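Student: Going by my numbering, the sequence shown opens with residue 4, and the numbers climb by one from there.
Okay, here's the structure, questions in a sec.
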Amino acid sequence: MFLGELEEILDVIEPTQFVKIQEPLFKQISRCVSSPHFQVAERALYYWNNEYIMSLIEENSNVILPIMFASLYRISKEHWNPAIVALVYNVLKAFMEMNSALFDELTATYKSDRQREKKKEKERDELWKKLEDLELKRGLRSDGIIPT
4 MFLGELEEIL DVIEPTQFVK IQEPLFKQIS RCVSSPHFQV AERALYYWNN
54 EYIMSLIEEN SNVILPIMFA SLYRISKEHW NPAIVALVYN VLKAFMEMNS
104 ALFDELTATY KSDRQREKKK EKERDELWKK LEDLELKRGL RSDGIIPT
């Protein structure tokens, strides 16, 4: 319902007014697209089928693409519903055609950030393993009492 009402507003909004609301609007749309509820995600992704909304997005892709990119990329790899994944691929393709240089830059940044996160996660796991090994070497029981 919210997304339907919002689309009706976007259908009549002036481009100058759209610029004023685009950041908070697309942060919310990004959250909707990321919803595990497929109908919410699907309805938000259908905005890219609306010609007028697409023209607004295209005019402002340098602002909107960075807001949407991480969510779209993650969903393309992780969403449980194949129909949503297909819609996301279409949106990513549209963004790539709109602004390929920015798309490539965001892709590289996203992948670099994910690698950094994986490295930190691996380091955390290794640290916990070392702590567990140290605990075993010291003879601590699982309840934390040192055996005598």
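Quick reminder that beta carbons are idealized off the backbone N, C-alpha and C, glycines included.
Note that this is a predicted model, so its numbers are computed, not measured.
1. I'd like to check one pair, I87 with A44: are the Cβ atoms closer than 8 Å?
2. Taking the alpha-carbon positions, what's the V66 to R141 distance?
3. List the whole-angstrom C-beta distance separating K30 from I56, where the pair is believed to meet the contact cut-off of C-beta under 8 Å.
4. Name the residue from S64, E108 and M99 whose alpha carbon lies nearest to the alpha carbon of Q25.
5. When the distance is taken between beta carbons, is L68 closer than 8 Å to L109?
6. Using CA atoms only, rank isn't needed, just tell me which of F72, Y50, S79 and E126 is closest to G7.
7. When you compare only the Cα positions, how much space is there between E17 and M101?
8. For L59 versus L75, is the C-beta distance shorter than 8 Å?
9. Rounding to the nearest angstrom, what Cα-Cα distance links K125 and M99 in this structure?
10. Flag this pair as yes or no: are the beta carbons of N52 and E10 separated by less than 8 Å?
11. For S159, collect the residues of the same chain with a Cβ closer than 7 Å to its Cβ; drop the 5 residues on either side in sequence, then sort them by chain order.
12. Would DSSP call E26 helix, strand or coil?
13. When the Cα atoms are used, what is the spatial distance from K132 to L139?
Tutor: Short version:
1. Going by C-beta atoms, A44 is nearer than 8 Å to I87.
2. So the two alpha carbons sit approximately 55 Å from each other.
3. The pair is not a contact, with the Cβ atoms about 16 Å apart (cut-off 8 Å).
4. Sorting S64, E108 and M99 by C-alpha distance to the C-alpha of Q25 places S64 at the top.
5. Contact: yes.
6. The shortest C-alpha to C-alpha distance from G7 to any of F72, Y50, S79 and E126 is the one to Y50.
7. Distance between the alpha carbons of E17 and M101 is about 21 Å.
8. Inclusion of L59 and L75 in the CB contact set at 8 Å is not warranted, their separation being larger than that value.
9. Roughly 32 Å separates the two Cα atoms.
10. No.
11. Given that the chain is displayed from residue 4 to residue 151, the structure contains no residue 159 and the question cannot be resolved.
12. Helix, per DSSP.
13. Roughly 11 Å separates the two Cα atoms.
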